[in-house]
Amino acid sequence: MGRFTVPEAVQTLGLPVYDPNDADFPRKTTPDPVQINHPAFRKPTLQDHVLYNEKPSLVLDGTDAEPMSAGLAQAGALLNAVIRKGFPDRLLKAASGVGDLPKHSDRLCDAIMHAERYDPTLEKLPRRHDPVLFWVVHPRMHGTPRIARNNILLDNLFRYSSVALKAQLSNANPQLAQLFEDFRIDRDEPLSSILPNGCSSEQHGVKDLVVRSHPHLTIQSSKVFSPWASSEEVEATAKEIVPDIRPIDPTIDLKSDHIYNREAVLARSWIPLHVHSIMWSREQDQKYPWTKEQLAANAIAHCFGAAVAQATRYGEVVDGRLKRPIVTRAVQLVDGRLDLVAFQLNTVDLNNRNSVKNIAWIEPAQQLYKPGPIWENYEKVVDLNESAFVKFFATLLG
């Protein structure tokens, strides 16, 4: 049967014609759209955000950041810092007695197995990607996500350092016990810092530098920590050369954003505390994993962000100058490897290459153990490296 057509005579009369199959027949059921000028009925714009700023800034975000293409050299060029490979010998010597504790290896293995095997979390894991048989579609497995495993391990390592070692080494070193007693720990708290006019580049001009992250552990203390480098060593950095990565712009991997905090965001900001260290973990992408250099540069950048947050927290920056050096530490855990960083903020003028410079000490890619594939059960700890934990403990002692 053909489609019904309205006769021309009816069309000439101009009479309304109703379709009985229409949802609104015989009476209208869908209301006409009403235009109401109210925020609740208006699609929000970027300018409506509570943190919107007219002046865009360059943001280094710890959640979805792009890796630094040039690695450590780019981190040094961006932050006006000289890179020191390895921690000072005095710290490593002070932490060397950790390996002599009774059942030290067993306790480390228990801490690792708690994270890799004993946690009962069941969540849908990322689908396995085989780089060789890339066309094979593997089934989705359930278990403990890699981020959750790494966070559990960071908790266990810090707890072992602060509780067991404090109890066994307090008699030989009373200052060690006092150090751990002053620690205040916050978990999964946001951290954001801003350095006005911190970046200068040909592409973006002079813009504010914002570093924000979400560390799993934020460790603070009421004690003011002494700098790792003496005043003579700081003055000597004026003669050192910051890495030059031209023609690559150091800000090439930062994103421009209008949404950012104008003040430092830090846990317990209303209490007079000082940031000691931050700890977090990352999960490597199966198809596009970051290199060790990129991971080390990421750790340095976020350690710098914690130092800037501490500096701007109590007004340590006056007229663009820093009153005193500030030292913060950072621990990044990726695939069983620890990136250990200490950053001494000596200047907030990141564009002056002729004055004193910041200093970053780093122990990159310290393999603590070899984790297994996330889709397999982890039966026992493989390739335990106790020297990596010694350096982790030295980070807390500094």
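Residue numbers (my numbering): 13 to 410.
Here a beta-carbon is modelled for each residue, glycine too, at the ideal position from N, C-alpha and C.
This one's a predicted model, so the numbers in the text were calculated from it and none came from an experiment.
Asked                                                                                                                                                : Found
Nearest CA to the CA of R349: which residue from V339, A377, I312, Q322?                                                                             : A377
Counting pairs of beta carbons, one from the region 351 to 367 and one from the region 105 to 122, are three or more of them closer than 8 Å?        : no
Could you pull the DSSP bridge partners for M291 from this structure?                                                                                : L229, V343
Among all the DSSP beta bridges, which residues are the ones paired with F404?                                                                       : BP columns for F404 are empty, so no partner.
Which residues in the same chain have their Cβ closer than 6 Å to the Cβ of S213, if we skip the five residues on either side of it in sequence?     : D261, T263
Kindly confirm or deny that the region 287 to 296 and the region 244 to 253 touch, where touching means at least three C-beta pairs closer than 8 Å. : no
Starting from I206, follow its DSSP beta bridges and name the residues at the other end.                                                             : V222
Pick out whichever of I231, V346, Q356, V175 has its Cα sitting closest to the Cα of R336.                                                           : Q356
Taking C-beta to C-beta, are E305 and G109 nearer than 8 Å?                                                                                          : no
Please return the same chain residues whose Cβ sits closer than 8 Å to the Cβ of E66, not counting the five positions on each side in sequence.      : H270
Report yes or no: do the region 85 to 97 and the region 390 to 405 share at least 3 C-beta pairs separated by less than 8 Å?                         : no
Suppose you measure from the CA of P385 to the CA of R171; what does that come to, to the nearest Å?                                                 : 26 Å
Quick check on the burial criterion: 16 or more other C-beta atoms within 10 angstroms. Buried or exposed for E275?                                  : exposed
When you compare each of S225, W282, L91 to N209 by their alpha carbons, which one comes out closest?                                                : L91
Around the C-beta of L72, are 16 or more other C-beta atoms found within 10 angstroms, so that it is buried, or is it exposed?                       : buried
Compute the beta-carbon to beta-carbon distance between I206 and D194, rounded to the nearest angstrom, for a pair I have assumed lies under 8 Å.    : About 28 Å; that fails the 8 Å criterion.
At which residues does the alpha helix (DSSP H) containing S268 begin and terminate?                                                                 : Premise fails: S268 lies in the beta strand (DSSP E), 267 to 271, not in any alpha helix (DSSP H).
Among all the DSSP beta bridges, which residues are the ones paired with R325?                                                                       : The partner list for R325 (beta bridge, DSSP) is empty, contrary to what the question assumes.
Report the partner residues of A372 according to the DSSP bridge assignment.                                                                         : I95, F355
Between G410, Y130, L137, which has its C-alpha nearest W387's C-alpha?                                                                              : L137
Taking the CB atoms as reference points, tell me whether L165 and I197 lie closer together than 8 Å.                                                 : no
Quick check on the DSSP output: the beta strand (DSSP E) that includes I48 runs from which residue to which?                                         : Premise fails: I48 is in no beta strand (DSSP E) and is neither H nor E.
Where does D73 sit, in a helix, a strand or coil, going by DSSP?                                                                                     : strand
One question on the structure: do Q296 and D351 come within less than 8 Å of each other, judged by their Cβ atoms?                                   : no
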